[in-house]
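Going by UniProt numbering, the first residue of the sequence shown is number 1, and it counts up by one from there.
Heads up, the beta-carbon is just placed ideally off N, CA and C, and yes, glycines get one too.
Read through the structure below, which is laid out as structure tokens, and then see the notes.
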Amino acid sequence: MAERSYPIYAVVHGAADSDPEIAALLRQRLGGPPSARTRVSGVLSEVIATRYVTPLREGGSLPGIVEADNLGTYVVKFRGAGQGPKALVAEVVSGELARRLGLPVPELVVTQLDPVVARAEPDEEVQELIKASAGANLGMDYLPGALGYDPVAHPVDAELASRTLAFDAFVENVDRSWRNPNLLIWHGGLWLIDHGATLYFHHNWPRAANVVHRAYKWDDHVLKPYATALATAGPELAAQLTPALLTEVIDLVPDEWLAEFDFAAPAEARRAYLDHLVARAAEPAAWLPGVPA
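Structure below.
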């Protein structure tokens with residue numbers, strides 16, 4: 001997706017409509033247009049939230065639609081939500097891994113959030129969430145007009161369905177059932193979203209080593225009926241899960257999300273993720289459906 005760059009007067013237009021004081025504060029803190037800020041290779045792009053548009057109450061974590069300083073619109077998951085920063089870590093590691101495996105995932109960005117944005121929000125619950133989420137949050141490119149996936153109305157190519165199922169097996173995605181597919185149809189194509197429930201081994205690090213080769217329960221997977229190429233597509237995808245690739249996606253996680261874990265330093269947390277995922281990738285027969293042990 002091409003980077004969008006606009007003059008600073010346009011950046012804060014939405015905020016100015018609702019509260020001129022907020023607009024002035026954001027102008028002061030932005031420090032120039034998006035094109036003037038440094039983009040560092042090997043990290044996620046970074047945007048600054050300029051206006052909170054509306055909450056999305058379908059999910060328990062209360063994500064919201066947010067406008068940013070590049071005039072982009074994003075669905076933001078907040079670090080102050082009940083699931084905490086671990087959900088954001090899972091979103092980045094799994095979402096960016098899926099992208100590098102050739103699966104369609106909307107652009108992910110680090111969304112810097114200043115609590116001043118909460119001043120224009122009348123909902124007290126949202127105000128408290130924004131105030132508790134100061135700093136780096138996770139934004140996903142908003143896909144306007146996207147439809148929720150219906151497995152009956154939208155058959156999926158066998159190769160794509162099989163690779164998606166194999167990917168979900170590796171990251172232990174429990175949120176791709178027919179009840180909650182976390183798939184969108186946009187411009188006729190399938191898009192994978194919401195990976196915050198993956199990597200659930202990280203909710204209990206003392207036991208993580210005991211479940212590294214845990215089998216994936218795929219009976220309720222929404223794409224199972226279409227995953228007829230799993231016998232070949234699965235092992236092909238598993239072969240791409242190299243230590244270098246896993247290191248690359250883990251390194252995209254901001255340090256401040258890892259600093260809240262039970263590790264002495266973010267580098268130690270990264271090593272724990274890498275060791276676990278490398279060990280899991282080494283034994284695809286243990287977790288990949290349809291592959292004999």
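query	result
As assigned by DSSP and simplified to three states, the class of I185	strand
Same chain only: Cβ atoms within 7 Å of V109, ignoring 5 sequence neighbours per side	L44, S45, E46, V47, Y74 and G139
Under the three-state DSSP convention, the category P55 falls into	strand
Euclidean distance between Cα positions of W186 and L160	15 Å
A286 vs L237 beta-carbon contact at 7 Å	no
Exposure label - P284; buried when at least 16 CB within 10 Å	buried
Range covered by the beta strand (DSSP E) that runs through T164	Premise fails: T164 lies in the alpha helix (DSSP H), A158 to V171, not in any beta strand (DSSP E).
Through-space distance from Y216 to D262, alpha-carbon basis	26 Å
Cβ-based neighbour list, L143, same chain, cut-off 7 Å, excluding 5 preceding and 5 following	P106, L184, W186 and W191
Local conformation of N137 per DSSP, three classes	strand
Within 7 Å, strictly: CB atoms of D69 and T50	yes
Helix, strand or coil at K77 according to DSSP, with G and I counted as helix	strand
Bridge partners - S94, DSSP secondary structure assignment	S94 is not bridged to any residue.
Span of the alpha helix (DSSP H) around G124	Looking at the sequence provided, one finds Glu at residue 124 rather than Gly. That run of the alpha helix (DSSP H) goes E124 to K131.
E91, buried or exposed, once every other Cβ within 10 Å from all chains shown has been counted against 16	buried
Residues near A208 by beta carbon distance below 6 Å, same chain, minus five either side	F201 and H276
Member of T247, R179 and G290 whose CA lies at the smallest distance from the CA of E268	T247
Per-residue DSSP class, three states only, for H203	helix
C-beta neighbour in chain C for D262, strict 7 Å	The chain labelled as chain C is not found in the depicted structure, where only one protein chain is given.
Identity of the residues DSSP links to Q112 by a beta bridge	I48 and A136
Nearest to V126 (by Cα), restricted to the options R214, A279 and F78	F78
Assigned secondary structure, L192 (DSSP; H/G/I helix, E/B strand, else coil)	strand
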